[in-house]
Structure formats: C-alpha cells, structure tokens
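As numbered in this note's numbering, residues 433 to 550 make up the sequence shown, in order.
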Amino acid sequence: MCNWLGFVSQGKLLGLNDMDSIVVFDIETVPDTGLCEVLTGFKGKDVVAMRKAMENYHLDITDGKNPFLRQPFHRVIVISLLKATLTCKNDCEFFQLKKNCFWRYSVLQRKRISTVLF
C-alpha cells in the first residue's frame, strides 16, 4: 500500500492512494534593480553592482544577518505550473504529467498575474 506520504485536507490525513492529482506552482524572481537608486542612492547601470548595493542595503537593515532581499524588492520573471495524476501499483508511485506550462516576464508585463494564473 502506497500510503507513506500524507497530506491534510479538510482536517483528514490523506495518503497518496486517496488523491489522484497534484498541482505545483513555481515562481522565479530576481532583485528589482529599478528600486536600487531609491533604496541605496546608487546611480549607475551595472546590474551586478546594483544587485550588490541592494544586498548591502539589506544586510544593513538586518544587522548583517541576511543578505537576501525580501519579496517586495523582487520582480517576477517566470511562473511555472505542473499538473500530474498520481497512481499507485505494487507499492510504487507513478506520476503522469498532464500539464506543464510557464509564463515569462514579457507575458507578465502585458497581463496581470491573476489573469495569467486563473
């Protein structure tokens, strides 16, 4: 029985044999260098230098604990979606890909993200 992985749905613990599909979203972002001058006062066009200045800014505001910029300082460049059906036979799990798609930044510039996803 393939019931080693559990998920909670409506207060009930479900195993893979109770579910027939899975959907996964992945959102890729990069630091939004358009905010660099406003945040840091850095003026220039070198993207690597701008990202470093933004990283240093974030280190300063976190007392040197975290160089990673929070999400509001990022720009979405790709949204990916994967949908697969799940089956279990002879204690083995099988995933059959049903849908795999992505939207690049150029599409996101023309459409609102909520329009793209739904």
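Where is the CB? At the ideal position from N, CA and C, for every residue including glycine.
Rounded to the nearest whole angstrom, the C-alpha separation of G496 and T519 is 47 Å. Membership of T472 in the alpha helix (DSSP H) is indicated by the continuous run C468 to T472.
Here C468 is buried. Its C-beta has 16 or more other C-beta atoms within 10 Å. In the DSSP assignment, no residue is bridged to L491. When the five nearest sequence neighbours on each side are left out, the beta carbons in the same chain lying within less than 6 Å of the beta carbon of V455 are those of K515, in order along the chain.
If the five residues before and after F505 are omitted, its C-beta is found closer than 8 Å to the C-beta atoms of P463, D464, L467, L471, M486 and H490, all from its own chain and listed in chain order. Membership of R507 in the beta strand (DSSP E) is indicated by the continuous run H506 to K521. DSSP places K484 within a helical segment (H, G or I) once states are collapsed to three.
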